[in-house]
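Participant: Following this message is one structure expressed as structure tokens.
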Amino acid sequence: MPEPIPSGQWWRNALHRVLIVLALHALPAASSPASELAAPWRVLVLLGGDPGLAAVQLQDQAFRQALLAAAPHGVDFFTESLDTIRFRYADQASEFLALQRKKYATQRVDLVVGLGGQTIDFINRHHDELWPQAPILLYSINEETARRVGMPPGASFVPWRHNIEGTLSLIEALQPRARRLIVTGGTTEADRSLSARVAALAQARPQWQTETWNDLSIAELRQRVAALDGGSAIVFTTLSRDATGQAMFPADALQRFASASAVPIYGLYSSYLGRGVMAGHMADFEGNGRRAGEVAAALLSGRAQAVTEPVVPTKCVADHALLVAHGLSPSALPAGCELRNAPRAIWQDYGSVVIAALGVLVLQALTIGALLVQRHRRRKAEAEATERRLELGRAARFAAMGELTASIAHEINQPLGAILANADAAAMMLRSGTASHEQLGEMLADIRREDLRASEVIRRLRALLEKRVVTHVPFHLHPVLDDALGLLAAEARRRGVTIERSFDARDDRLLGDAVQLQQVLINLALNAMDAMREQAPARRQLSLRTVDGPEEVELHVADRGCGLGDVPHDKVFESFVTTKPHGMGLGLSIVRNIVEAHGGRIDFAPREGGGTVFSVALPRRLDAVPAGVLPDGPAAAVPT
Amino acid sequence: MSEELPVVHIVDDDEAMRVGLARLLGAAGYATRCYASAGDFLVTKPEERIGCMVLDLHLPGPDGLSLQQVLQRDGSVMPIVFLSGRGDIGSSVRALKAGASDFLTKPVQGEVLLEAVRSALAEAEPRRAALERRRADRQRYATLSERERSVLRAVVQGRLTKQIADDLGLSERTVKACRAELMHKLGVATLPELVRLEAGLADRS
Chain Y
12 MPEPIPSGQW WRNALHRVLI VLALHALPAA SSPASELAAP WRVLVLLGGD
62 PGLAAVQLQD QAFRQALLAA APHGVDFFTE SLDTIRFRYA DQASEFLALQ
112 RKKYATQRVD LVVGLGGQTI DFINRHHDEL WPQAPILLYS INEETARRVG
162 MPPGASFVPW RHNIEGTLSL IEALQPRARR LIVTGGTTEA DRSLSARVAA
212 LAQARPQWQT ETWNDLSIAE LRQRVAALDG GSAIVFTTLS RDATGQAMFP
262 ADALQRFASA SAVPIYGLYS SYLGRGVMAG HMADFEGNGR RAGEVAAALL
312 SGRAQAVTEP VVPTKCVADH ALLVAHGLSP SALPAGCELR NAPRAIWQDY
362 GSVVIAALGV LVLQALTIGA LLVQRHRRRK AEAEATERRL ELGRAARFAA
412 MGELTASIAH EINQPLGAIL ANADAAAMML RSGTASHEQL GEMLADIRRE
462 DLRASEVIRR LRALLEKRVV THVPFHLHPV LDDALGLLAA EARRRGVTIE
512 RSFDARDDRL LGDAVQLQQV LINLALNAMD AMREQAPARR QLSLRTVDGP
562 EEVELHVADR GCGLGDVPHD KVFESFVTTK PHGMGLGLSI VRNIVEAHGG
612 RIDFAPREGG GTVFSVALPR RLDAVPAGVL PDGPAAAVPT
Chain D
4 MSEELPVVHI VDDDEAMRVG LARLLGAAGY ATRCYASAGD FLVTKPEERI
54 GCMVLDLHLP GPDGLSLQQV LQRDGSVMPI VFLSGRGDIG SSVRALKAGA
104 SDFLTKPVQG EVLLEAVRSA LAEAEPRRAA LERRRADRQR YATLSERERS
154 VLRAVVQGRL TKQIADDLGL SERTVKACRA ELMHKLGVAT LPELVRLEAG
204 LADRS
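In structure tokens form, the structure reads like this:
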């Protein structure tokens with residue numbers, strides 16, 4: 012089947028070209044003066060039905076707009092209405108005709124347009140008398156009516172075609188189990204005619220039992236549609252007048268009974284949508300009017316004569332809300348079927364806002380996710396850092412103990428040697444029979460004492476080197492420092508360093524980790540001893556003092572050493588900064604970490620008379636340590 | 004007879020150690036003397052008798068090695084058994100090179116210590132004898148006249164009687180009589196004995 016629109020265009024274009032050529036040749040002999048060509052087109056629109064009918068209004072309006080758009084000098088519209096639904100034309104023909112004669116006796120009409128099948132008869136009868144020169148355009152008339160009534164000779168025609176078959180197929184698709192088809196309409200001739208055509212086509216489909224309800228009042232119709240069961244479907248044709256003789260607009264009639272209907276109602280006109288029809292194959296009124304307007308423009312501009320336009324295509328339309336109300340699925344609709352009254356997806360109306368909001372949400376979620384991941388990583392890193400700090404602290408204590416190894420070995424071997432000597436002596440005495448009870452008793456006592464001495468050294472070492480978590484408990488500082496001094500004393504002796512101990516602070520209660528503070532003392536003391544390595548023995552004096560600060564206990568570790576050289580003041584406590592040839596530079600940084608973890612401060616200054624003083628201030632935190640709660644620390648091992 | 008009983012001098016700063024060692028050595032039949040430091044030992048200045056020292060390497064003030072040096076400078080021949088709280092190779096090598104009898108690390112087993120003390124004392128006896136001999140030799144040498152000492156120096160240098168006579172402006176007979184006299188005074192009968200004695204005198208220790 013050839014494409015109708017391209018062929019029409021080709022035809023119009025060809026005509027246009029021919030007419031222009033003709034016009035150029037015929038110009039000197041033209042019957043119409045130039046002033047007439049510049050005048051507006053004068054068009055008479057003859058309405059067959061009620062001018063208030065939606066179908067009439069929609070088509071007429073679209074027709075006029077299309078024509079105006081094409082008119083070079085505007086259009087003068089004349090409108091006449093036959094209103095054949097309410098009035099029998101035959102009853103008033105003479106008066107109506109007389110009025111027309113009077114109106115158009117002096118008025119030139121360039122084109123007569125008939126809208127609706129009712130106008131054919133009038134135009135046939137009276138065209139030659141009323142508007143003898145005017146060409147005729149008929150539209151909104153279905154082809155069968157045109158055939159039946161007979162078109163005026165030479166008239167142009169834009170035919171209307173109901174897509175009854177399409178609508179019936181749609182019913183089959185949506186309600187495959189329906190067994191009963193009701194065709195309902197009104198009592199006018201046009202109503203009955205359309206209903207009969209629908210019923211005839213429906214009866215051709217054997218699955219349905221088809222009924223035609225044309226002679227019912229609206230009230231009766233309401234009752235009957237309400238009583239229908241689920242296996243039924245209704246096709247509403249037109250209802251311009253009901254059984255009581257009441258004239259009405261079909262869409263209004265539809266609305267009055269459709270609300271009671273238990274089953275879906277199908278229709279052939281788009282004007283029924285929103286009034287109670289669920290679906291149908293419908294012609295587009297505006298499209299039809301527009302097409303007629305274009306044809307009218309072609310006729311008036313002389314580009315065409317006696318045109319018969321192809322049928323305006325119909326389209327499948329369905330009301331989403333009604334589909335849902337009848338429990339039918341939109342997915343059963345044929346492809347390409349237009350869905351009206353569908354709940355608008357929110358982003359049809361607010362698409363950009365929704366996308367923006369979603370974007371914001373996604374970004375937020377990503378940000379939150381990233382923050383959570385970051386937090387998790389930070390926690391993990393913190394835990395790892397804490398773990399490493401513990402390990403490093405422990406390693407540093409091992410390193411410090413490494414420095415003390417010689418002294419510690421001496422500290423342990425001394426009592427062990429004494430024990431062995433006593434034990435061997437006792438054995439010899441017993442063998443030789445020279446042992447007295449008194450002597451043996453003394454020896455055993457010495458063995459015991461020396462054993463305890465050795466265990467004490469080991470206890471201190473173990474306390475210092477144990478793998479352990481950092482504690483946060485109240486303790487007395489002095490016994491803790493003395494414990495560490497016990498380990499340091501031998502080293503000091505070995506290096507010929509004299510330790511001056513004056514722990515004068517009267518309140519030495521602290522909150523924290525005792526072993527860590529022992530490490531502070533050991534690191535500072537070892538540093539001090541290292542610093543004094545080159546000094547004369549008499550100058551190798553290490554002074555350890557505690558004094559009461561206002562809210563702190565202060566520990567001062569002073570040496571007579573070589574000082575810190577040219578290391579900048581603020582670098583001294585950094586890691587890997589050292590003045591020792593084989594130092595790692597971790598001792599002081601660990602000391603500072605420990606002190607700061609206890610909320611304290613550490614600083615250093617040159618000592619009067621040479622050397623350096625390191626000062627550690629540790630807050631007492633008395634609020635957290637009520638007096639008397641503290642147990643006494645281990646007995647102070649006062650260094651020699 | 005108490006003079007003949009070997010004495011073990013114990014120098015250790017740790018009292019318990021000191022007492023333990025004294026008990027052990029006492030049980031083994033030795034006389035013991037205890038000192039808490041090198042200074043303590045030097046101040047006491049024990050008489051040079053048969054005996055040995057058990058000396059702690061690490062002492063407050065001058066350590067064991069320093070005491071060893073001081074004693075050697077003063078001509079002491081007393082054998083030293085070093086004790087150390089830690090096995091320090093450097094210190095042990097220095098001590099043994101300087102003539103220490105042994106170097107033990109604490110805790111030391113009784114048997115090991117007693118064995119070391121025994122061999123130190125065994126070392127001490129010939130040393131003491133040599134010392135005594137050298138001391139006697141010096142005393143005899145002191146009785147020599149100036150001329151006899153000059154002849155002695157020349158003889159041990161291997162010069163002939165004639166050469167000595169020429170060097171000193173004496174007659175050969177006088178030189179011979181002088182040599183016989185100094186050999187008699189020094190209590191030696193042969194020339195090799197005389198050379199060995201003279202060499203011993205030259206040894207400052």
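Same order as they appear, the protein sequences are chains Y and D. Numbering-wise, the working numbering comes out as the position in the first sequence, counting from 1, plus 11. Numbering-wise, the working numbering comes out as the position in the second sequence, counting from 1, plus 3. Ideal placement from N, C-alpha and C gives every residue a C-beta, glycine not left out. Just so you know, these numbers come straight off a predicted model, no measurement behind them.
Taking the alpha carbon of Ala466 (chain Y) as the point to measure from, which residue in Y:Ile430, Y:His331, Y:Arg612 and Y:Thr221 has its own alpha carbon closest?
Facilitator: Rather than Ala, the amino acid found at residue 466 (chain Y) in this sequence is Ser. Taking only the C-alpha atoms, the option nearest Ser466 (chain Y) is Y:Ile430.
Participant: List the whole-angstrom C-beta distance separating Ala213 (chain Y) from Thr221 (chain Y), where the pair is believed to meet the contact cut-off of C-beta under 8 Å.
Facilitator: Indeed, because the Cβ distance is near 4 Å, the residues count as touching under 8 Å.
Participant: Since Pro146 (chain Y) contacts Leu126 (chain Y) with CB under 8 Å, what's their CB separation in whole angstroms?
Facilitator: That pair is no contact at about 16 Å.
Participant: In chain order, which alpha helix (DSSP H) runs of at least 4 residues are fully inside the segment 294-330 of chain Y?
Facilitator: With a minimum length of 4 residues, the continuous alpha helix (DSSP H) runs that stay inside the segment 294-330 of chain Y are 296-311.
Participant: Just to confirm my understanding: we take Asp559 (chain Y), look at its own chain, exclude 5 residues before and 5 after, and list those with CB closer than 7 Å. What are they?
Facilitator: Same-chain partners within the cutoff: Ala516, Arg517 and Asp518.
Participant: Within the chosen definition, does the segment 569-584 of chain Y reach the segment 442-458 of chain Y through at least 3 CB pairs nearer than 8 Å?
Facilitator: No: the two stretches stay apart, fewer than three of their Cβ pairs being nearer than 8 Å.
Participant: Taking only beta carbons into account, state which residues of the segment 560-577 of chain Y come closer than 7 Å to chain D, listed in chain order.
Facilitator: For the segment 560-577 of chain Y, which is checked against every Cβ of chain D, not one residue is closer than 7 Å.
Participant: Drop a sphere of 10 angstroms on the beta-carbon of Pro110 (chain D), count the other beta-carbons inside from all chains shown, and report buried for 16 or more, exposed for fewer.
Facilitator: With 16 or more Cβ atoms within 10 Å of its Cβ, Pro110 (chain D) is classed as buried.
Participant: For a contact meaning CB atoms closer than 8 Å, what does Asp140 (chain D) contact in chain Y?
Facilitator: What Asp140 (chain D) touches in chain Y: nothing, since even the nearest Cβ is about 41 Å away.
Participant: Does Gly622 (chain Y) pass the burial test, meaning 16 or more other C-beta atoms within 10 Å, or should it be called exposed?
Facilitator: The residue in question, Gly622 (chain Y), is buried, as its Cβ has 16 or more Cβ neighbours within 10 Å.
Participant: Kindly identify the DSSP beta-bridge partner or partners of Tyr115 (chain Y).
Facilitator: In DSSP, Tyr115 (chain Y) forms no bridge with anything.
Participant: Going straight from the alpha carbon of Ala396 (chain Y) to that of Gln425 (chain Y), what length do you get?
Facilitator: Each residue's Cα considered, the two are about 41 Å apart.
Participant: Terminal residues of the continuous alpha helix (DSSP H) containing Arg206 (chain Y)?
Facilitator: A small fix is needed here, since residue 206 (chain Y) is Ser in this sequence, not Arg. Glu200 to Gln214 is the extent of the alpha helix (DSSP H) around Ser206 (chain Y).
Participant: Taking only runs that begin and end inside the segment 25-74 of chain D, name each unbroken alpha helix (DSSP H) of 4 or more residues, in chain order.
Facilitator: Whole alpha helix (DSSP H) segments, 4+ residues: 41-47.
Participant: What would DSSP say about Gln220 (chain Y), mapped onto helix, strand or coil?
Facilitator: Strand at Gln220 (chain Y).
Participant: Under a CB-based cut-off of 8 Å, is Gln552 (chain Y) close to chain D?
Facilitator: Chain D contact via Cβ: absent.
Participant: So, at 6 Å on beta carbons, what are the nonlocal neighbours of Asp105 (chain D) in its own chain, with the 5 sequence-adjacent residues on each side left out?
Facilitator: Here the set comprises Val84 and Ala119.
Participant: Could you tell me the alpha carbon to alpha carbon distance between Glu449 (chain Y) and Gly32 (chain D), rounded to whole angstroms?
Facilitator: Their backbone Cα atoms lie some 19 Å apart in a straight line.
Participant: Alpha carbon to alpha carbon, what distance is there between Arg152 (chain D) and Thr193 (chain D)?
Facilitator: Going from the Cα of Thr193 (chain D) to the Cα of Arg152 (chain D) covers about 17 Å.
Participant: According to DSSP, simplified to helix, strand and coil, what is Val606 (chain Y)?
Facilitator: Val606 (chain Y) falls in the helix class under three-state DSSP.
Participant: Can you find a CB in chain Y that lies within less than 8 Å of the CB of Arg26 (chain D)?
Facilitator: True, the Cβ-Cβ gap to chain Y drops below 8 Å.
Participant: Are the C-beta of Arg506 (chain Y) and some C-beta of chain D separated by less than 8 Å?
Facilitator: It does not; no Cβ of chain D falls within 8 Å.
Participant: Say yes only if the C-beta of Ile613 (chain Y) is nearer than 7 Å to one or more non-hydrogen atoms of the ligand COA, and no if none qualify.
Facilitator: As far as ligands go, the structure on display features none, and thus does not contain the ligand COA.
Participant: Between the alpha carbons of Leu415 (chain Y) and Leu374 (chain Y), how many angstroms are there, rounded?
Facilitator: Computed Cα separation, rounded: 59 Å.
Participant: Using Cβ-Cβ distances below 7 Å, what residues of the segment 403-420 of chain Y are close to chain D?
Facilitator: So the list reads Ala417 and Ala420, given in the order they occur along the chain.
Participant: Does the beta carbon of His187 (chain D) sit closer than 8 Å to a beta carbon anywhere in chain Y?
Facilitator: Output row for His187 (chain D): interface = no.
Participant: Strictly by DSSP, which residues pair up with Asn153 (chain Y)?
Facilitator: Answer is Y:Trp171.
Participant: Could you round the C-beta distance between Ser87 (chain D) and Thr108 (chain D) to whole angstroms and report it? I think they count as a contact, below 8 Å.
Facilitator: Confirmed, about 5 Å.
Participant: Pick helix, strand or coil for Pro630 (chain Y), following the three-state DSSP scheme.
Facilitator: Note: Pro630 (chain Y) maps to strand in three-state DSSP.
Participant: According to the neighbour-count rule (16 or more other Cβ atoms, all chains shown, within 10 Å of its Cβ), is Arg302 (chain Y) buried or exposed?
Facilitator: By the 10 Å Cβ count, Arg302 (chain Y) comes out buried.
Participant: Please state whether DSSP places Pro341 (chain Y) in a helix, a strand or coil.
Facilitator: Pro341 (chain Y): helix per DSSP, three-state reduction.
Participant: Are the segment 52-72 of chain Y and the segment 85-92 of chain Y touching, with three or more C-beta to C-beta distances below 8 Å?
Facilitator: At 8 Å Cβ cutoff, the stretches touch.
Participant: With 16 other CB atoms within 10 Å as the buried threshold, where does Ser148 (chain D) fall?
Facilitator: Ser148 (chain D) should be labelled exposed.
Participant: Using a Cβ distance threshold of 8 Å, determine whether the segment 63-72 of chain D contacts the segment 134-148 of chain D, with at least three qualifying pairs required.
Facilitator: No contact exists between the segment 63-72 of chain D and the segment 134-148 of chain D.
Participant: Could you work out which residues of chain Y lie near Met81 (chain D), taking near to mean beta carbons separated by less than 9 Å?
Facilitator: The contacting residues do not exist; Met81 (chain D) stays about 21 Å from chain Y at best.
Participant: Report yes if the C-beta distance between Glu502 (chain Y) and Ser554 (chain Y) is below 8 Å; otherwise report no.
Facilitator: Taking 8 Å as the Cβ cut-off, Glu502 (chain Y) and Ser554 (chain Y) do not qualify as a contacting pair.
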